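Student:
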Amino acid sequence: MTPLTSRGRARAERRHPSPRLRASAPAGPADARRRGRATRAGLLTAALAALLATAAAPTATAAPDTSPSPPAVAQAEVPAGVTAGVAVFDRQTGTFTEQVNSAGQFRSASVVKLLLALDVLWGRTPESLPAADRTRIDTMLRSSNDAAASTIWANNGGGAIIDRMVARLGLTDTARPPATHPGYWGYTAMSARDTVRIYRYLLDSAPAPVRDYVLGNLRQSTRCASDGYDQHFGIAGSFNRPWAVKQGWSGFTSGGCTPAAATGTAPAAKGTAAPTAAATGTAAPTAKAAAPTARAGAGAAAVDLSRPALHTTGLVGPGDRAIVAVLTLHPTGTTYGKAYTDVGRLTRSLNVPGATRPAGTWIGTWGSGVRVRAQASTDSAAITTLPAGVEVLVGCQKRGQQVSVPPYVNDWWAHLPQLGGYMTNIYLSSPDNQVPGVPVC
């Protein structure tokens, strides 16, 4: 782990308990005649007092929300500096509960892999596919494998795949990559509302074998993607299962999660590598070309190709009740951990019918290469590493092995239920060794 040279971490905000309201003394018996004269005045006074008491009452801190989200009004909270396209569709009522810039076009990154898979499966059953094609689709959907996507793109006509799927699904905001980058499948233009249409096709119109096969893969999304990025942000981090997700990212240099990503070698931005000349399915995509600094043209004129992109899309809740699409762009230079945190906060703010939310407290972290371990000890096995500066869900904390990162020493460890392990509290952005308000395991 690489600690910061100075503490350099944000102090967690503490909420001071609101002062208790002082109870009023009960009124003593009054003269009946006087009561009669004051009836109207008393009613008015009581009504005014009730109104003032309601306005002055302190707000209690709510327990973690584990109940289905209520059908409330739209409440999307887009973090500062983030450009977002959001759509949440309630399949039970047939209505949108959230729409923010839902027609805005974004470069798709790996979300376009949904269309690549559906094109291969069009008019076919999964069982009829050659084993090599099934393997490519499996890894492309579960672990967002780029080499598999590049092979499918090259073998099936490149941009013509997008043209076909636009016509088949009636998509209005989706377009093939610009003429300047024909092999860059991740530069396909997509919107949040078109992403909802794709999932609605899968759920309501696709042949059952195709639906079950594609969604079965999305339900098995791996935490670590093939290129070493932690892909369980947004929907996967904000809501309890059942869910099915297809994520996308582009323009970042390190995503943590696997040993390969911790070597310091930056993987290519997803979906920006043109396929190799001989697309065999085994060769990794070629090195990423320099990202353009201006907006693209020719079919994707509104798409910004320069800012880092991070998208979370999928299905949430029993019976796949809600379809969620959150597409985002972040300021140039934003780290993966920062974008991961911002997308998580935006997703958690949404009204998602049928969703249940994991119990715990979201807390920021500092440092890079921070490991999550099987037990509260540096001697136990490392489960994964965290993206630098990411926010994590802490379920509880307990004492374990003492860790020293001069000038700090701490023997408290946080349990991260979504990762199934522990991290030392020394890397939590908290002013105390034992985090206030988090229960002891």
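The sequence shown runs 490 to 930 under the numbering used here. Heads up, the beta-carbon is just placed ideally off N, CA and C, and yes, glycines get one too. No experiment lies behind these values; they were computed from the predicted model shown.
Quick one: Cα of R623 to Cα of G646, how far?
Tutor: Position 134 of the sequence shown, counting from 1, holds the residue named residue 623. Position 157 of the sequence shown, counting from 1, holds the residue named residue 646. The straight-line gap from Cα to Cα measures roughly 18 Å.
Student: Looking at the structure shown, is T640 part of a helix, part of a strand, or coil, going by DSSP?
Tutor: Residue numbering aside, residue 640 sits at position 151 when the sequence shown is read from its first letter. T640 falls in the helix class under three-state DSSP.
Student: So, is Q736 buried or exposed, given that buried needs 16 or more other C-beta atoms within 10 angstroms?
Tutor: For the purposes of this step, residue 736 is taken as the residue at position 247 of the sequence shown. With 16 or more Cβ atoms within 10 Å of its Cβ, Q736 is classed as buried.
Student: From the DSSP output, in three-state form, read off Y897 for me.
Tutor: If you number the sequence shown from 1, residue 897 lands on position 408. In this structure, Y897 counts as strand in the three-state DSSP scheme.
Student: Find the nearest neighbour of V703 within the set T640, M629 and P671, judged by alpha-carbon distance.
Tutor: Residue numbering aside, residue 703 sits at position 214 when the sequence shown is read from its first letter. It is M629.
Student: Report the option in L607, M679 and L818 whose CA atom is closest to the CA atom of G570.
Tutor: Within the sequence shown, residue 570 is the residue found at index 81, counting from 1. Comparing Cα-Cα distances from G570 to each of L607, M679 and L818, the minimum goes to L818.
Student: Given that a residue counts as buried once 16 or more other Cβ atoms are within 10 Å of its Cβ, and exposed if not, what is S931?
Tutor: The first residue shown for the chain is 490 and the last is 930, placing residue 931 beyond what the model contains.
Student: Straight-line CA distance for I651 to S795?
Tutor: Within the sequence shown, residue 651 is the residue found at index 162, counting from 1. Within the sequence shown, residue 795 is the residue found at index 306, counting from 1. Each residue's alpha carbon lies about 22 Å from the other.
Student: Taking the runs of the alpha helix (DSSP H) that are 4 residues or longer, which of them lie wholly in the region 637-694?
Tutor: Listed in chain order, the complete alpha helix (DSSP H) runs (minimum 4 residues) inside the region 637-694 are 648-658 and 681-693.
Student: Which full runs of the beta strand (DSSP E) of 3+ residues lie inside the region 810-862, going along the chain?
Tutor: Runs found: 811-818, 850-853 and 860-862.
Student: Buried or exposed, going by whether 16 or more other CB atoms sit within 10 Å of the CB of V898?
Tutor: The residue labelled residue 898 in the question sits at position 409 within the sequence shown. Per the 10 Å Cβ criterion, exposed.
Student: Which residue's Cα is closest to the Cα of S632: V815, F728, T711 and A649?
Tutor: For the purposes of this step, residue 632 is taken as residue 143 along the sequence shown, with counting starting at 1. Closest by alpha carbon: T711.
Student: My understanding is that V577 touches N840, with C-beta atoms under 8 Å, so please give their C-beta distance in whole angstroms.
Tutor: For this step, residue 577 is matched to residue 88 along the sequence shown. For this step, residue 840 is matched to residue 351 along the sequence shown. At roughly 7 Å, the Cβ-Cβ gap stays under 8 Å, so V577 and N840 are in contact.
Student: Is it true that the CB of A877 sits closer than 8 Å to the CB of Y911?
Tutor: As a first step, residue 911 is located in the sequence shown; it is residue number 422 there, counting from the start. As a first step, residue 877 is located in the sequence shown; it is residue number 388 there, counting from the start. No, the pair does not count as a contact, with Cβ atoms beyond the cut-off.
Student: Give the straight-line distance between the Cα atoms of A565 and L835, rounded to the nearest whole angstrom.
Tutor: Taking the first residue of the sequence shown as position 1, residue 565 is located at position 76. Taking the first residue of the sequence shown as position 1, residue 835 is located at position 346. Each residue's Cα considered, the two are about 6 Å apart.
Student: Taking L660 as the reference, give the member of A681, Q581, Y676 and L882 with the closest Cα.
Tutor: Indexing the sequence shown from 1 puts residue 660 at position 171. Selected option, being the one with the closest Cα: A681.
Student: Give the single residue among G926, D809, P667 and P925 whose Cα lies nearest to the Cα of G583.
Tutor: In the sequence shown, the residue the question calls residue 583 occupies position 94. Nearest option by C-alpha distance: D809.
Student: Work out the CA separation of Q907 and R837 for me, nearest whole Å.
Tutor: Locating residue 837 in the sequence shown gives position 348, where the first residue counts as 1. Locating residue 907 in the sequence shown gives position 418, where the first residue counts as 1. Rounded to the nearest angstrom, the two C-alpha atoms are 15 Å apart.
Student: Round the Cβ separation of P928 and C885 to the nearest angstrom and send it over; I've been treating them as touching at under 8 Å.
Tutor: On the sequence shown, residue 928 is found 439 positions in, with the first residue counted as 1. On the sequence shown, residue 885 is found 396 positions in, with the first residue counted as 1. Indeed they touch by this definition, with Cβ atoms about 5 Å apart.
Student: Would you call the region 694-708 in contact with the region 601-620, where contact means no fewer than 3 C-beta pairs closer than 8 Å?
Tutor: Yes: the two stretches touch, three or more of their Cβ pairs being nearer than 8 Å.
Student: Can you list, in chain order, the residues of its chain whose CB lies under 6 Å from that of A814, leaving out five sequence neighbours each side?
Tutor: Sequence index remark: in the sequence shown, residue 814 carries index 325 (1-based). So the qualifying residues of the chain are A576, A681, T684, V685 and T802.
Student: Between which two residues does the beta strand (DSSP E) harbouring A871 extend?
Tutor: As a first step, residue 871 is located in the sequence shown; it is residue number 382 there, counting from the start. Here the beta strand (DSSP E) through A871 covers A871 to T874.
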